[in-house]
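Below is one structure, written out as structure tokens; comments come after it.
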Amino acid sequence: MEISIIAENTGGVLNPVTAQIISAAKMFEGDITVVCPGGFGAEEVAKISGVGKVVSVEGDCFSDFDGLAWCRAIDSVVTGEILLSSSSNFGREIISILAAMREIPAIQDITELTKEMIFTRPVLSGKAIEKLKISGPCAFTIRANIFPAAESDGNANISIINKSSEVGISVKEAISKANEKLDVSEAEIIISGGRGMGSPENFAHLYEISEVVGAAVGASRAAVDTWEEIPHSMQVGQTGKTVTPKLYVAVGISGAIQHLAGMRTSKYIVAINKDSEAPIFGVADYGIVANWEDALPILKDELEKLALD
Ligand SMILES: Cc1cc2nc3c(=O)[nH]c(=O)nc-3n(C[C@H](O)[C@H](O)[C@H](O)COP(=O)(O)OP(=O)(O)OC[C@H]3O[C@@H](n4cnc5c(N)ncnc54)[C@H](O)[C@@H]3O)c2cc1C
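For what it's worth, our numbering labels the leading residue of the sequence shown as 1, then goes sequentially.
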């Protein structure tokens, strides 16, 4: 079986999700080719274990993102029966276009998959979980942080192809509502706030701590839905982002099943909640039963001392 993975880059730098997609693809025991649009990250991809071949497609059209132009340029080298990318905006667009060009099914947002090609994904805004059995060629996207990243001990060959196509739409600037800070899906430490934070202004306390330890700030859906200032890009959970950081700190979050769905695979979970019965304590490695107003200043002081040591 031949598998083609479309590598994802963020501002010309290989996105770590590509190593996770490669790790997932290894399950099919096929030949893995990674296509790097614009050549971004090709050398790094070649070192990822499990990659058989890297195709770096270079051309003028890759200077700005236009999904259709990029797909037309990479089309001839995407030869797998299985096409894969991540379920970011980039991956979803590329996979949909490539699938349409081939008249094969496109399945987005996979959270589980098996060697027998049974895929699981949330549908209807996470209200239901769908299981699909695929036979024949198909294209699909996988959520970030579901699979561990493949190791970097490979040594695949890189072929460079010059191919361009006409750009129809070019994205000149993407302005993130989520501010300039670290994205939750990429962070090793996340500190998330819920409705228990009381107001969006109180998230400033989480940002202060995030700066001490280099963390990203996340949120529960209740926080995102209640306060316009907290963007959906920060939402962790079934209908938000799935995260697997080394440390997840949940502050004023009750621990509803839909929130747990997005963070329970974190290596260590710390919960701060004034209600000792809150379900979040059921998954927490360390629980602090307290008002965050009392607990966060102490936590910040202690972390600052550690940072100085
Ligand atoms: C289809 C569907 C999809 C969903 N998807 C998601 C999702 O992706 N992510 C998500 O998070 N939710 C999701 N939800 C919503 C979820 O069910 C919960 O409603 C939500 O997670 C609750 O958010 P919360 O814990 O911030 O708020 P609450 O449940 O209101 O909890 C607030 C917590 O803060 C504590 N608290 C209050 N004041 C303080 C204080 N001063 N100090 C310390 N603790 C305090 C309280 O004891 C309480 O436990 C979804 C729901 C549905 C139906």
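Every residue gets a Cβ at the ideal spot worked out from N, C-alpha and C, and that includes glycine.
Boundaries of the alpha helix (DSSP H) harbouring alanine 24: 17–25, taken from the DSSP string.
In this structure, ligand 1 has a non-hydrogen atom nearer than 7 Å to the beta-carbon of threonine 239.
For asparagine 89, the closest of Asp109, Ile161 and Ser76 by C-alpha to C-alpha distance is Asp109. With a cutoff of 7 Å, tryptophan 227 does not count as near ligand 1, since its C-beta is closer than that to no heavy atom of the ligand.
Distances from the CA of leucine 68 to each of Ile97, Ile134, Val51 and Gly194 were compared; the closest alpha carbon is that of Ile97.
The straight-line gap separating the alpha-carbon atoms of glycine 80 and threonine 33 is approximately 8 Å. If you ignore the 5 residues before and after glycine 262, its C-beta comes within less than 7 Å of the C-beta of Val236, Gly237, Gln238, Gly240, Lys241, Thr242 and Val243, all in its own chain and listed in chain order. Here the C-alpha atom of proline 137 lies approximately 51 Å from the C-alpha atom of tryptophan 292.
In this chain, arginine 102 is not harboured by any beta strand (DSSP E); it is covered by the alpha helix (DSSP H) spanning 89–102.
Its chain contains Ala7, Leu14, Thr18, Val34, Cys36, Val51 and Val54 as the residues whose beta carbon lies nearer than 7 Å to that of valine 45, once the 5 sequence neighbours on both sides are disregarded; these appear in chain order.
The distance from the Cβ of lysine 300 to that of alanine 150 is about 36 Å, inconsistent with a contact at the 8 Å cut-off. Counting other Cβ atoms within 10 Å of its Cβ, tyrosine 286 stays below 16 and is therefore classed as exposed. A Cβ-Cβ contact shorter than 8 Å links glutamine 20 with proline 148. Our two residues, glutamate 130 and arginine 143, have alpha carbons roughly 15 Å apart in a direct line. Cβ-Cβ separation between leucine 247 and serine 266: approximately 7 Å, consistent with a contact (criterion under 8 Å). In this structure, the straight-line span from the alpha carbon of serine 76 to that of aspartate 183 is close to 33 Å. The Cβ neighbour count for serine 63, taken over all protein chains shown within 10 Å, is under 16; the residue is labelled exposed. Here proline 245 is buried. Its C-beta has 16 or more other C-beta atoms within 10 Å. The beta carbon of aspartate 75 sits no closer than 7 Å to any heavy atom of ligand 1.
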